[in-house]
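**Q**
In our numbering, the protein residues as written are 597 to 1120.
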């Protein structure tokens, strides 16, 4: 599910974020071996690799879409050499017409899906179609357990809808305040115009104070955009409550989202209606290094394969599975998955796709999520554990860390964690990267920690192609940077150890991984 992470983090966890000094834009490239900041150590890794040969590595980004002509990305976008652009033919006979840079599973002949229902809504919708308005005493005794589960899901969905409606009211007040400031100052929203604005009531006074805090982390233009974007996103989820959960999909894409046998649908519009999230993710992985433009990505030889499967709302299992299979079939060696949800309709289909990736030596990197929850206690999807209990070893689950030099604040307050479900942490707070219209912005979330890790994995696979996906994961696990001091457990006021939060109890470290390989592995 696409989340506007900055606004979420600032709204829910302001005290943690505002106590951290703003670090340099490229802090996530720095090394904890050389400073107190726990970056990925990518720059140090390149120092160790001086004179070594490397090969291109395709990294599939399953996301909301990517601006493929961004100045810092246009030279690192994957090109399907077997496909002739825009000739209306499936030249390489892979089932997808004109898939030059990837594919969108969220588009039809003329339009694209942006907003989708939550998976919980879809599950409730399907069960309502089955049971109608029956009460429990009218249900077949053999289906009573299913009916009770349906009723529990419906109660959860009604609660979720109520929370969305409350969020919409709160966001409406904040957005209205911002609009009032702009109206009073010739359309300008800035620190100065916010300070000069005279609030109309006590609610506006409180909002004005909070906006002052927001400005510590975000420039006014970006904050304005985030607030209104979140308002629109919440409104769309409320609107979905009154619609047939599959109606938009059927009209726009034209497939049956519950018919898992059909893989060949969609279009080649890679950007989609809102490519902010996917563009930001792609820049972290692969923004052109050393070109004097914008930022440096982590993996200098990465090629971004664009796979659009993540809407504003919950992604569908069918699209995720088909995106994974497309990536595998077309040469990706690393797949970035900065999305997730708490319910799943067709988990087995995604399980099969993960197994397919394992069989073809492809590494999957997945974001742990942004709810400050212990993943050991609550299931979320997709996951490395199949319905049959198989644990896929080609899967990395990553949480988010920040640039704070205080051990207690090193883990992002919003990050999910899990002593047995999260592998390690990676930079995910105030990450400056590419966004649409050729621009750059900060963003925070495990969605940023995920590509930081995928970038490191791509770097390793580029210089050491003889290593398998599972070996790369094992090496990254062995070489994390430890933190022995107590940390604050996200979403709580409790202190704990890093081993309480992840399997390794550490942070990804590209330089440590490279050092380990050079000393312990036979390399070409």
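Note that beta-carbon positions come from the ideal geometry of N, C-alpha and C, so glycine has one too.
All values reported here derive from a predicted model rather than from experimental measurement.
Suppose only complete runs of 4+ residues qualify. What are the alpha helix (DSSP H) ranges in the stretch 707 to 760, listed by chain order?
**A** Runs of the alpha helix (DSSP H) inside the stretch 707 to 760: 715 to 727.
**Q** So, are the CB atoms of residue 916 and residue 658 less than 8 Å apart?
**A** Start at 1 with the first residue of the chain shown, and residue 916 comes out as number 320. Start at 1 with the first residue of the chain shown, and residue 658 comes out as number 62. In contact: residue 916 and residue 658 (Cβ atoms closer than 8 Å).
**Q** Hey, how far is the Cα of residue 800 from the Cα of residue 773?
**A** In the chain shown, residue 800 corresponds to position 204, counting from 1. In the chain shown, residue 773 corresponds to position 177, counting from 1. So the two alpha carbons sit approximately 7 Å from each other.
**Q** Would the stretch 899 to 914 and the stretch 931 to 946 be scored as touching if the rule is three or more Cβ pairs under 8 Å?
**A** Touching, per the Cβ criterion.
**Q** First and last residue of the alpha helix (DSSP H) that includes residue 944?
**A** The residue you call residue 944 lines up with position 348 of the chain shown. Counting along the chain, the alpha helix (DSSP H) containing residue 944 begins and ends at 943 to 955.
**Q** Beta-carbon within less than 8 Å of residue 590's beta-carbon, same chain only, minus the 5 sequence neighbours each way: which residues are those?
**A** Missing from the structure shown is residue 590; the chain here goes from 597 to 1120 and no further.
**Q** Using the Cβ count rule (16 or more neighbours within 10 Å means buried), how would you classify residue 1039?
**A** In the chain shown, residue 1039 corresponds to position 443, counting from 1. The residue is buried, with at least 16 neighbouring Cβ atoms inside 10 Å.
**Q** Would residue 1020 and residue 933 qualify as a contact pair, given that the criterion is a beta-carbon distance under 8 Å?
**A** To locate residue 1020, count along the chain shown from 1; it is residue 424. To locate residue 933, count along the chain shown from 1; it is residue 337. Contact flag unset, no.
**Q** Among 941, 777 and 992, which one has its Cα closest to the Cα of residue 964?
**A** The count along the chain shown starts at 1 and reaches residue 964 at position 368. Residue 992 is the option with its Cα nearest to residue 964.
**Q** If distances are taken between C-alpha atoms only, which option among 701, 1082, 1048 and 1062 comes closest to residue 852?
**A** On the chain shown, residue 852 is found 256 positions in, with the first residue counted as 1. Minimum Cα distance to residue 852 is reached at 701.
**Q** Could you tell me the distance, in whole angstroms, from the CA atom of residue 1075 to the CA atom of residue 620?
**A** Counting from one through the chain shown, the residue named residue 1075 turns up at place 479. Counting from one through the chain shown, the residue named residue 620 turns up at place 24. When rounded, the distance between both Cα atoms is 25 Å.
**Q** Does DSSP classify residue 1090 as helix, strand or coil?
**A** Position 494 of the chain shown, counted from the first residue, corresponds to residue 1090. DSSP places residue 1090 in coil when its eight states are reduced to three.
**Q** For residue 924 versus residue 953, is the C-beta spacing smaller than 8 Å?
**A** Numbered from 1 along the chain shown, position 328 holds the residue referred to as residue 924. Numbered from 1 along the chain shown, position 357 holds the residue referred to as residue 953. Contact: yes.
**Q** Would you call the CB atoms of residue 759 and residue 719 closer than 8 Å?
**A** Indexing the chain shown from 1 puts residue 759 at position 163. Indexing the chain shown from 1 puts residue 719 at position 123. Going by C-beta atoms, residue 759 is not nearer than 8 Å to residue 719.
**Q** Along the alpha helix (DSSP H) that carries residue 834, what are the first and last residues, could you check?
**A** On the chain shown, residue 834 is found 238 positions in, with the first residue counted as 1. Taken as a continuous stretch (DSSP letters only), the alpha helix (DSSP H) holding residue 834 covers 816 to 836.
**Q** Kindly indicate the opening and closing residues of the alpha helix (DSSP H) around residue 628.
**A** One-based indexing of the chain shown puts residue 628 at position 32. Note, residue 628: premise wrong, no alpha helix (DSSP H); not H, not E.
**Q** Mark residue 737 as exposed unless 16 or more other C-beta atoms lie within 10 angstroms of its C-beta, in which case mark it buried.
**A** Here the question's residue 737 lines up with position 141 in the chain shown. Exposed: under 16 other Cβ atoms inside 10 Å.
**Q** Using CA atoms only, rank isn't needed, just tell me which of 995, 875 and 648 is closest to residue 1100.
**A** Translated into the one-based positions of the chain shown, residue 1100 becomes position 504. It is 995.
**Q** Would you call the stretch 813 to 826 in contact with the stretch 1037 to 1054, where contact means no fewer than 3 C-beta pairs closer than 8 Å?
**A** Flag = yes, the stretch 813 to 826 and the stretch 1037 to 1054 touch.
**Q** For residue 703, count neighbouring Cβ atoms within 10 angstroms of its own Cβ and tell me buried if that reaches 16, exposed if not.
**A** Residue numbering aside, residue 703 sits at position 107 when the chain shown is read from its first letter. It is buried - the Cβ of residue 703 has at least 16 other Cβ atoms within 10 Å.
**Q** Distance check for residue 1043 and residue 1025, CA to CA, integer angstroms please.
**A** If you number the chain shown from 1, residue 1025 lands on position 429. If you number the chain shown from 1, residue 1043 lands on position 447. C-alpha separation (whole angstroms): 10 Å.
**Q** Indicate whether residue 1030 and residue 895 have their beta-carbon atoms separated by less than 8 Å.
**A** Walking along the chain shown from the start, residue 1030 turns up at place 434. Walking along the chain shown from the start, residue 895 turns up at place 299. No.
**Q** Answer yes if the stretch 1050 to 1061 comes into contact with the stretch 645 to 655, meaning at least three C-beta pairs across the two stretches below 8 Å, and no otherwise.
**A** As far as the Cβ criterion goes, the stretch 645 to 655 touches the stretch 1050 to 1061, which means the pair count is three or higher.
**Q** When you compare each of 646, 763 and 893 to residue 670 by their alpha carbons, which one comes out closest?
**A** Taking the chain shown and counting its residues from 1, one reaches residue 670 at position 74. Ranking 646, 763 and 893 by Cα distance to residue 670 puts 893 first.
**Q** Check residue 788 in the structure and name its three-state DSSP category.
**A** Translated into positions along the chain shown, residue 788 becomes position 192. If DSSP states are grouped into helix, strand and coil, residue 788 belongs with the helices.
**Q** Looking at C-alpha atoms only, which residue of 919, 984, 921 and 975 is the closest neighbour of residue 944?
**A** Residue mapping note: residue 944 aligns to position 348 of the chain shown, counting from 1. Minimum Cα distance to residue 944 is reached at 984.
**Q** Would you call the CB atoms of residue 919 and residue 941 closer than 8 Å?
**A** The count along the chain shown starts at 1 and reaches residue 919 at position 323. The count along the chain shown starts at 1 and reaches residue 941 at position 345. Contact flag unset, no.
**Q** Kindly list the residues whose CB is nearer than 7 Å to the CB of residue 743, restricted to its own chain and excluding five residues on each side of it in sequence; keep chain order.
**A** Within the chain shown, numbered from 1, the residue matching residue 743 stands at position 147. The answer, listed in chain order, is 727, 732 and 735.
**Q** Would you tell me roughly how many angstroms separate the C-alpha atoms of residue 891 and residue 754, rounded to the nearest one?
**A** Start at 1 with the first residue of the chain shown, and residue 891 comes out as number 295. Start at 1 with the first residue of the chain shown, and residue 754 comes out as number 158. Each residue's Cα considered, the two are about 43 Å apart.
**Q** Quick one: grab the DSSP three-state call for residue 618.
**A** In the chain shown, counting from the first residue as 1, residue 618 sits at position 22. A caution first: residue 618 carries a pLDDT of 45, below 50, which makes its placement in the model unreliable, though a value can still be read off. It is coil, neither helix nor strand.
**Q** Would residue 871 pass as a contact of residue 660 if the rule is Cβ separation under 8 Å?
**A** By one-based count along the chain shown, residue 871 stands at place 275. By one-based count along the chain shown, residue 660 stands at place 64. Cβ distance < 8 Å, so residue 871 and residue 660 count as in contact.
**Q** Does residue 623 come out as helix, strand or coil in the three-state DSSP assignment?
**A** Position 27 of the chain shown holds residue 623. Here residue 623 sits in helix by DSSP.
**Q** Do you know how far the Cα of residue 818 is from the Cα of residue 617?
**A** Along the chain shown, read from residue 1 onward, the residue named residue 617 stands at position 21. Along the chain shown, read from residue 1 onward, the residue named residue 818 stands at position 222. Per-residue confidence for residue 617 stands at a pLDDT of 42, beneath the threshold of 50, marking its modelled position as unreliable; the derived number appears in the next sentence. Cα-Cα distance, rounded: 19 Å.
**Q** Considering Cα atoms alone, identify which of 1089, 1085, 1117 and 1090 is closest to residue 1071.
**A** On the chain shown, position 475 is the one that residue 1071 refers to. Residue 1071 has its Cα closest to that of 1117, out of 1089, 1085, 1117 and 1090.
**Q** Taking all protein chains shown into account, do 16 or more other C-beta atoms lie within 10 angstroms of the C-beta of residue 970, making it buried, or fewer, making it exposed?
**A** As a working note, residue 970 is residue 374 in the chain shown. Buried.
**Q** Can you check which of these residues, 1052, 906 and 786, is closest to residue 808 by C-alpha distance?
**A** Here residue 808 corresponds to residue number 212 of the chain shown, with the count starting at 1. Comparing Cα positions, the closest option is 786.
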